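Here the protein sequences come in this chain order: A and B. If you're matching positions, the first sequence starts at 0 in numbering that gives the first Met the number 0 and goes up one per residue. If you're matching positions, the second sequence starts at 0 in numbering that gives the first Met the number 0 and goes up one per residue. Cβ coordinates follow ideal geometry from the N, Cα and C atoms, glycine included. No experiment lies behind these values; they were computed from the predicted model shown. Let me begin by presenting the structure, written as structure tokens, before commenting on it.
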Amino acid sequence: MILTPMLQAACLTLCLPTFQQAPADGAEVKAERASAAAEVTVQPAAPAAADLRIHAGRVYTGTGEILKNALIEVRDGKISSLRPGRSAPEGVLQVKAVTAGMIDLSARLNTGFSSVEQVTEVQPHLDVAGSVNLYDKRFARLARTGVTTILINPLDRNVIGGRGVAVKTHGPMEIEARRLSSRAILRGAIGTEPSSANHPAFGRPTDFFSRRPTTRMGVEWEWRKAFFDAVAATRLPEKDFPGSAELRAALAGERTLMIQAWTTQDIRTAVYLDEEMQREGFGDLDLVIDAAAEAWKEPAILVRNGTSVVLPPHSPGGRVGDGAFFSWNTAKLLVDEGLTVCLSAHGAGPGPSSLGSQAGFAMRGGLTFDQALASVTSAPAALLGMADRLGAVAEGMDADLALWSGRPFASTSRVVGVVIDGAVVVDPR
Amino acid sequence: MQTHRKMNTNAFLLAALALVAGPPANASPGEGDALAIRAEKLHVGDGTIIENGIVVFENGKITEVGKGAPVPKGVVLIEHAGHLSAGLIALREQAGAVGESNDGTRAVMPEAQLGYAYNPRHSQVQELLREGITSFVIAPRPGSLVGGRCSVVKVGTEVIRANAFLSICTGSNGLTSNRFPTSLQGSQAELERRFAWPKGEFLAAVKGDLAVMLDGGVTRAETQHAIAFARRHGLKGMLVGSTRLGELAPKIRAAGLGVAISNFSPNTGRRVVEGAVALSKADVPFGFALGAPYNHPANLRLTAAACIRAGLKPGVAMKALTSTAATLAGVGDQVGSVQVGLAADLVLWSGDPTDPGSQVMAVYVDGDEVFQAEDDDENGDD
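In structure tokens:
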């Protein structure tokens, strides 16, 4: 149907330059040339045709470059070629603009309370992958917004919730097949959420939630105790607990520690924890603050520790979670300070809260287009340790693409098509 | 009932009633007595139906089955104008054990045995007979990770297989909010730990000596996980609780698991009944779980009828109600078929058992008549 002209075109564009450069294999080349000249729609014994070809008015590669009238070819889920200045061959998928698929490091597509083990507050050894429901319709909704990779973390009801899992928003329906080989990310929280269900034992019958922490101070106490015990356990076996090895790995920099901290006091607590670990000689945490809404208040604390941030979705009034105030120029301010900044939509589907819109809002707050693009593509890809596969449009990268109706992030544009690992998940045609 | 109570206060009337009622028309044999029944259609349990088939039983066991089976001299032959089948078997019940079948203090209790929760004299159990159910698997209520060992019990009498299944909830049905585990990853980590170096019941399950009853949870993802879990540890047994069976039928088949199909209700949509058809096509052995006493005993047969309405072959449905269920529960050599040597657990029906309009006329358990439908009279239930 569509395939035949596509194959034909692929044969012409791919084979002709090949045998101009390498005319060694005479017989084979002649045969190919004959078939090409006769314009017969047979499959030549040439390199296999691309699985997918997209022609874009503009490709925002993510390296600051804008390729005009570019032809993107996809083979085996990877971008096999990217060439600007081409006219659109017949039957090819045509769009106005292409960016790399967006990445949300705080997508929150967990399964709620069944995704957090509350038996104790510190559960670094558990992996949220076991509770992920890939059949959840929110994955498809998220994919429709051009988000192609997400990090799923446990619900923030624990002090240390466990390990997150990075997945594409479309692919195999088994979690082990879907899981990306990203850098290991350990998730925890500071603020009111980890203590919100707990209460003191006095004055009422004791129950499961009669326990620490009930305050911010208690949450901080749990963090420090966990790390001190994890270190002490190497000498004192009685101090050992499940997951202590994970915390030692975090101290050794083998894990990223992502802590949710909305307010400036919680951001301070997180950074002070890292600095205390360094002072004690326990190690140096690779710290990322998630939902760092009030990072604009004291950016110097983050700068001196080299901490990266993931910002929460913008809110019209500025008031966001944990009573924090999120200023619209936060991203701009932090990027200018030289910090790595990622944006998040917290899993919002299509509409004004989507990740693309968040990038637009951050531009409204002062980010340049390139900075905004980086904050939803290359910056989160780097934090996942997958910058070699994700976050840019270049040959050899995963074919994860967002196809736009116009200039990306503009309020008049939207995502009209989505490609994930070379599969057209949302077809604009 | 009102009438009865009034009569109880009047000794004279009561005596008169006894005289009028007299002995039942079909004499019930005592212990050890032999009896023969000829039914217009006799469902053997393997899918075949014998026209005008005769079944002879003695000392609680079936001694002869066939169209012209010889009836020993002196044995009463009852002519039944209707269908006859083996007693029906329900695969996941709490009848007679409500409030006693889930110990919430510990998430993992593999040594617990459900047979000890069973009260055979409970009215919930007696109710099952009215719908032709003569055996069932007593299982823990969901809520524990490993709730105990399920037992096969006979209605009104005893446990016939104490250790039929090890009950495991791999999905969110095993979680509670007030003890470990509260999360899916917590429950999975715990189960993996138990099966990594298996001991006791877990070792028996891994070796295939103890079947598992896997509650696959609610969602498709959870059910898929349960199947993968069974495959990973080489577990045999059956999947219960899930409604997402249709799309997973090939995977269930590949894992070598059976299925207990959940109770159908019009509110659950077509998923359950279409799942049964898909399981049948994929050659997965399955029976039905009633969920007594939370669901009325009639629902066992109504679920089968709903599956037939969705395209399931009536013969397959009938096997699912009897012989396949018995095989899944590991008691196929005792009950579930009208075959020589098996227990004389028999149901006399007014018509085809899978027709919801058919009524139970009489039920025999181990050769004893334990239920007989009352004739229409003014003292019947109103």
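Give me whichever residues DSSP pairs with residue i in a beta bridge.
i: A:Leu133; result: According to DSSP, A:Leu133 bridges with nothing at all.
i: B:Val64; result: B:Val54
i: A:Leu150; result: A:Ala165
i: B:Asp354; result: DSSP lists no partner for B:Asp354.
i: B:Ala35; result: B:Val55, B:Leu76
i: A:Gly187; result: A:Ile159, A:Ile258
i: A:Asp289; result: A:Gln259, A:Val309
i: B:Gln371; result: B:Ala361
i: A:Trp403; result: A:Ala96, A:Val414
i: A:His77; result: At residue 77 of chain A the sequence reads Lys, which differs from the His that was named. A:Lys77 pairs with A:Arg74, A:Asp397.
In angstroms, rounded to a whole number, what distance separates the CA positions of residue i and residue j?
i: B:Ala259; j: A:Ala251; result: 50 Å
i: A:Val287; j: A:Trp220; result: 20 Å
i: A:Arg211; j: A:Thr119; result: 9 Å
i: B:Ala24; j: B:Leu347; result: Residue placement at B:Ala24 is poorly supported in this model, since its pLDDT is 42, which falls under 50; the coordinates still yield a value, given next. Taking the straight line joining both Cα atoms gives about 15 Å.
i: B:Arg230; j: A:Ala87; result: 50 Å
i: B:Val393; j: B:Gly81; result: Any property of residue 393 of chain B remains undetermined from this structure, which presents chain B solely from 0 to 381.
i: A:Ile159; j: B:Pro180; result: 16 Å
i: A:Arg162; j: A:Arg254; result: 9 Å
i: B:Val359; j: B:Asn172; result: 35 Å
i: B:Glu63; j: B:Val54; result: 6 Å
i: A:Ala244; j: A:Lys296; result: 35 Å
i: A:Ile174; j: A:Ser377; result: 24 Å
i: A:Asp283; j: A:Phe227; result: 14 Å
i: B:Ala38; j: B:Asp45; result: 17 Å
i: A:Ala381; j: A:Ser353; result: 21 Å
i: A:Arg223; j: B:Leu202; result: 40 Å
So, using beta-carbon positions, are residue i and residue j closer together than 7 Å?
i: B:Ile137; j: B:Tyr115; result: no
i: A:Leu141; j: A:Thr110; result: no
i: A:Thr262; j: A:Asp321; result: yes
i: A:Ser114; j: B:Ser182; result: yes
i: B:Ser100; j: B:Pro141; result: no
i: A:Val319; j: A:Asp289; result: no
i: B:Thr267; j: B:Phe287; result: no
i: A:Leu256; j: A:Ala249; result: yes
i: A:Gly355; j: A:Gly145; result: yes
i: A:Gly359; j: A:Phe408; result: yes
i: B:Pro296; j: B:Glu157; result: no
i: A:Val340; j: A:Ser374; result: yes
i: B:Ser166; j: B:Gly146; result: yes
i: B:Ala319; j: B:Phe56; result: no
i: B:Ala316; j: B:Val272; result: no
i: A:Gln68; j: A:Gln122; result: Checking the sequence, you will find Asn at residue 68 of chain A rather than Gln. Going by C-beta atoms, A:Asn68 is not nearer than 7 Å to A:Gln122.
i: B:Cys324; j: B:Leu90; result: The question names Cys, yet the displayed sequence has Ala at residue 324 of chain B. In this structure, B:Leu90 lies closer than 7 Å to B:Ala324 by Cβ.
i: A:Met385; j: A:Ser181; result: yes
i: B:Ala94; j: B:Ala291; result: yes
i: A:Ala99; j: A:Gly390; result: yes
i: A:Ile151; j: A:Leu108; result: yes
Is the closest heavy atom of the ligand COA to the C-beta of residue i under 6 Å?
i: B:Val205; result: Of the ligands one can find in the structure shown there are none, so the ligand COA has no counterpart to examine.
Could you check which residue in the options has the C-alpha nearest to that of residue i?
i: B:Asn51; options: B:Ala204, B:Gly67, B:Pro139; result: B:Gly67
i: A:Ala188; options: A:Arg182, A:Leu272, A:Ser314; result: A:Leu272
i: A:Leu185; options: A:Gly346, A:Asp399, A:Asn304, A:Gly242; result: A:Gly242
i: B:Lys72; options: B:Asp332, B:Gln125, B:Glu92, B:Ala33; result: B:Ala33
i: B:Gly310; options: B:Lys280, B:Val64, B:Phe285, B:Thr222; result: B:Lys280
i: A:Asp399; options: A:Thr329, A:Val127, A:Gly170; result: A:Gly170
i: B:Ala253; options: B:Ser261, B:Arg269, B:Val271, B:Ala227; result: B:Ala227
i: B:Gly155; options: B:Asn58, B:His42, B:Pro119; result: B:Pro119
i: B:Ala277; options: B:Arg300, B:Asn262, B:Leu247, B:Gly257; result: B:Leu247
i: B:Asp208; options: B:Ala291, B:Asp214, B:Leu234; result: B:Leu234
i: A:Ile258; options: A:Gly395, A:Ala176, A:Gly348, A:Ser307; result: A:Ser307
i: B:Gly59; options: B:Val330, B:Leu345, B:Phe201, B:Glu200; result: B:Leu345
i: B:Val152; options: B:Ala328, B:Gly274, B:Glu110; result: B:Ala328
Would you please verify whether the beta carbon of residue i is less than 7 Å from any beta carbon of chain C?
i: A:Ser130; result: The chain inventory of the structure shown lacks chain C, comprising the protein chains A and B.
For the region 330-343 of chain B against the region 351-361 of chain B, do three or more pairs of beta-carbon atoms, one drawn from each stretch, fall closer than 8 Å, so that the two count as touching?
no
At least three beta-carbon pairs within less than 8 Å, the region 208-223 of chain B to the region 129-145 of chain A:
yes
So, does the region 161-171 of chain B touch the region 101-114 of chain B, judging by three or more C-beta pairs under 8 Å?
yes
Meets three-Cβ-pair contact criterion under 8 Å: the region 67-86 of chain A and the region 408-426 of chain A
yes
Contact between the region 95-102 of chain A and the region 47-58 of chain A: three or more CB pairs below 8 Å?
yes
For the region 326-339 of chain A against the region 352-368 of chain A, are there 3 or more C-beta pairs whose distance is under 8 Å?
yes
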